[in-house]
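Read the structure below first, then the notes.
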Amino acid sequence: MLNSEIADDRSINEDSYDGLVSLIEASQGVLSLLIASCKPGDFQTQIINRYEAELAPHVPCYRVVLNQKEPSLRAALEQLVNDRPELKAPHASGAITVTGTEALTDSVSQADSNHQSELSRFFGYLQWTREGLREFPFPIVLWVTPNILSRLSLEAPDFWSWRSGVFRFVSPAVPETGVVNTTGESSLLIEPERRLSLPLDELLEQVENLEKQAMETPALATLYNRVANAYANRVKTRQAQDYSQEIDRAIHFFDKSLALQEKLNLPQAQSDTLLQLGDIYRDLGLWERVFDPYQQSLEIARNLKDRLREAAALGRLGNLYQQYRQGDRANNLEEAIAFYTAALTVYTRDAFPENWAQTQNNLATAYLYRIRGEKAENIELAIAYFTAALSVFTRDTFPEEWARTQNNLGVAYSNRIRGEKAENIELAIAYFTAALSVYTRDAFPQDWAQTQNNLAIAYSDKIRGEKAENIEMAIVYYTAVLTVYTRDALPQDWAMTQNNLATAYLQRFPL
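According to this note's numbering, the stretch in the sequence shown is residues 4 to 514, in order.
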């Protein structure tokens with residue numbers, strides 16, 4: 004599995020986990036039906052153990068296993084309350100985890116052909132005993148398999164309509180030993196629901212439920228953030244029908260979250276929400292709005308002496324000044340270097356290797372394009388920082404980051420002033436060629452085309468070897484670029500490449 008896919012899974016799982024824990028905490032004293040979906044096994048057990056440990060001791064946790072022959076949720080809860088009399092006390096708190104659905108069969112033997120399957124009885128109990136659950140004023144986490152989840156709304160619509168939230172977890176994919184597909188790659192056991200996240204309508208239902216109960220809690224602020232991100236994602240993925248309206252809705256929910264966090268005195272949460280808001284502005288290209296939330300987040304983090312949040316804000320501000328901030332470019336690059344350097348006081352290689360490596364890359368890029376200082380020295384510093392990043396960004400562990408760094412080193416050596424020019428160009432070609440071992444045309448068409456373009460320029464400038472052969476190679480690479488940089492899709496890049504190709508042909512047949 005690609006590292007980006009693993010990161011997506013982790014993001015989905017952490018998002019679901021945070022929402023689940025928040026609603027458990029916010030639902031003390033009221034019935035709250037929380038449906039959690041995961042492939043049964045060790046990973047599901049780990050999640051349950053984790054939230055029970057986090058909730059303790061303020062929220063007592065209980066577990067119930069459904070009776071396989073008579074899988075009634077209500078009967079299981081009644082048995083638990085009878086066994087644990089403290090749950091009958093006025094204003095009792097607690098969280099109840101229900102498992103056992105994974106053991107229910109969906110088949111009926113011939114001898115029992117006139118009876119329902121265990122799974123059918125489970126759905127029937129859910130559908131017809133909803134009102135009876137009112138006597139259990141607790142958050143109830145019902146664990147189901149992805150298959151059962153897909154059938155719940157159809158088989159038990161009445162129960163489904165009462166849900167307070169649905170939380171999908173993705174079991175880590177494990178290579179199947181000894182099984183190789185036709186391409187020679189190991190087959191992966193990937194959950195079919197791996198890229199699903201909680202739908203916007205369900206998030207809005209959760210918000211409505213908490214707002215109706217006038218429950219101004221951290222959980223509600225978390226839900227506001229999730230709704231805001233859902234609206235923003237619809238805009239970014241072009242699913243929104245009215246882009247302007249949905250951007251406004253995203254910002255509206257972030258504002259509600261910030262106001263509630265201010266009221267509840269949650270400065271760390273405010274700092275995080277401001278970073279999310281800035282990220283949304285950045286992703287949507289609203290550059291004039293990006294700076295303020297990042298700067299506010301930084302100020303909160305510094306007041307709290309929260310070094311990790313401070314580093315997160317510093318890194319984002321560095322990126323902003325390096326790439327998008329208007330004004331004097333020389334000043335902006337100096338600001339970027341200062342922010343990245345400050346971030347490295349927190350992001351040490353031992354404690355945060357990935358953040359450290361990414362910041363090394365960012366510093367390298369800033370020095371590569373730095374205007375102040377001696378140009379030759381700036382490029383040497385860029386090469387040193389890019390090289391340092393490769394001590395973490397290896398091809399096996401972080402292939403995409405490794406390829407990006409290889410490409411950046413190629414650019415740095417192409418522009419290097421110190422050293423022998425011919426050797427620098429040879430090194431640049433080697434780095435660009437290495438990047439293409441990851442940047443394939445199918446997987447990364449834009450990066451592939453850019454690297455092809457870099458190789459074409461390097462071969463045009465190449466000193467060693469036969470000049471005519473070098474120009475032929477440049478023409479080959481420029482021609483490859485045009486398979487991605489088409490006139491319709493990328494007219495400016497297409498025109499520039501056409502111009503470069505013409506120059507290469509002029510070198511081929513000098514006047």
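Think of the CB as a built atom: it goes at the ideal place given N, C-alpha and C, for glycine as much as any other residue. On a predicted model such as this, the values are computed, not experimentally measured, just so you know.
Exposed unless 16 or more other CB atoms sit within 10 angstroms - verdict on residue i
i    : result
G531 : Nothing in the structure corresponds to residue 531, since the chain is present only between 4 and 514.
L301 : buried
V414 : buried
T489 : exposed
T104 : buried
S546 : Residue 546 is absent from the structure shown; the chain starts at 4 and stops at 514.
D275 : buried
I15  : buried
P494 : exposed
T351 : exposed
Q273 : buried
S200 : Note on S200: pLDDT 48, under 50, position unreliable in the model; no value is reported.
G3   : In the structure as shown, the chain begins at 4 and stops at 514. Residue 3 is therefore absent and cannot be evaluated.
V68  : exposed
I254 : buried
S35  : buried
P160 : exposed
N473 : buried
P296 : buried
Residue from the options with nearest C-alpha to residue i
i    : options                   : result
F170 : L23, L203 and E211        : L23
Y370 : W359, Y343 and G168       : Y343
A360 : Q271, L336, L393 and C41  : L393
Y481 : Y54, E313 and A507        : A507
Y20  : L263, E57 and Q31         : E57
E205 : K72, L37, E55 and D353    : L37
E55  : T100, A39, L263 and N70   : T100
T348 : E337, T362 and A433       : T362
S25  : Q209, A222 and S463       : A222
L207 : K239, A304, S167 and R237 : S167
L267 : W163, E469 and A224       : A224
L336 : N365, D353 and T390       : N365
For residue j and residue i, the rounded distance between their alpha carbons
i    : j    : result
S511 : E475 : One detail in the question is off: residue 511 reads as Arg in this sequence, not Ser. Between R511 and E475, the C-alpha separation is close to 8 Å.
G187 : D399 : Confidence at G187 is low in this model, with a pLDDT of 28, below 50, so the placement of that residue should be treated as unreliable; the coordinate-derived value is given next. Cα to Cα, the separation comes out at about 17 Å.
N150 : C41  : 10 Å
E388 : I382 : What sits at residue 388 in the sequence shown is Tyr, not Glu. C-alpha separation (whole angstroms): 10 Å.
L278 : T108 : 47 Å
K308 : Q453 : 42 Å
E219 : R419 : 58 Å
R137 : E214 : 20 Å
A346 : A431 : 29 Å
S110 : L320 : 58 Å
V84  : V173 : 32 Å
P175 : F46  : 8 Å
E121 : P43  : 17 Å
A406 : F396 : 9 Å
Q119 : Q71  : 13 Å
T102 : D18  : 21 Å
V340 : A385 : Strictly speaking, residue 340 in this sequence is Ile, with Val absent from that position. Whole-angstrom Cα-Cα distance: 11 Å.
Delimiting residues of the beta strand (DSSP E) encompassing residue i
i    : result
S110 : Element bounds for S110: n/a, residue is neither H nor E.
F170 : R166 to R171
Y462 : Unbroken run through Y462 is the alpha helix (DSSP H), P448 to D464; no beta strand (DSSP E).
S40  : S35 to S40
V67  : C64 to V68
I1   : Outside the displayed span of the chain (4 to 514) sits residue 1, for which this structure offers no information.
T100 : A98 to T102
Alpha helix (DSSP H) segment containing residue i, residue limits
i    : result
T344 : R332 to A346
F355 : No alpha helix (DSSP H) holds F355; DSSP gives it neither H nor E.
F139 : Unbroken run through F139: none, as it is neither H nor E.
L278 : P270 to D286
N418 : Careful: N418 lies outside any alpha helix (DSSP H) and carries neither H nor E.
H255 : Y246 to K266
Q119 : No alpha helix (DSSP H) holds Q119; DSSP gives it neither H nor E.
G44  : Premise fails: G44 is in no alpha helix (DSSP H) and is neither H nor E.
D204 : L203 to K215
Q326 : Careful: Q326 lies outside any alpha helix (DSSP H) and carries neither H nor E.
V349 : Per DSSP, V349 belongs to no alpha helix (DSSP H) and is neither H nor E.
V2   : A question about residue 2 goes unanswered here, because the residues of the chain that appear run from 4 up to 514.
T220 : Segment: none, T220 is in no alpha helix (DSSP H) and carries neither H nor E.
V479 : K470 to V484
R305 : W290 to L307
K72  : First-last for K72: undefined, no H or E at that position.
A425 : K424 to A438
Next item on the list: Would you check if there are 3 or more beta carbon pairs closer than 8 Å linking the segment 93-102 to the segment 120-137?
Entry: no
Next item on the list: May I ask you to verify whether the segment 139-150 touches the segment 74-88, counting CB pairs closer than 8 Å and requiring at least 3?
Entry: The count of Cβ pairs closer than 8 Å, one atom from the segment 139-150 and one from the segment 74-88, reaches three, so the stretches are in contact.
Margin query: Closer than 8 Å is the cut-off here; do at least three beta carbon pairs connect the segment 80-90 with the segment 61-70?
Written below: yes
Notebook entry, point to check: Does the segment 351-358 come close enough to the segment 321-330 that 3 or more CB-CB pairs lie under 8 Å?
Noted result: no
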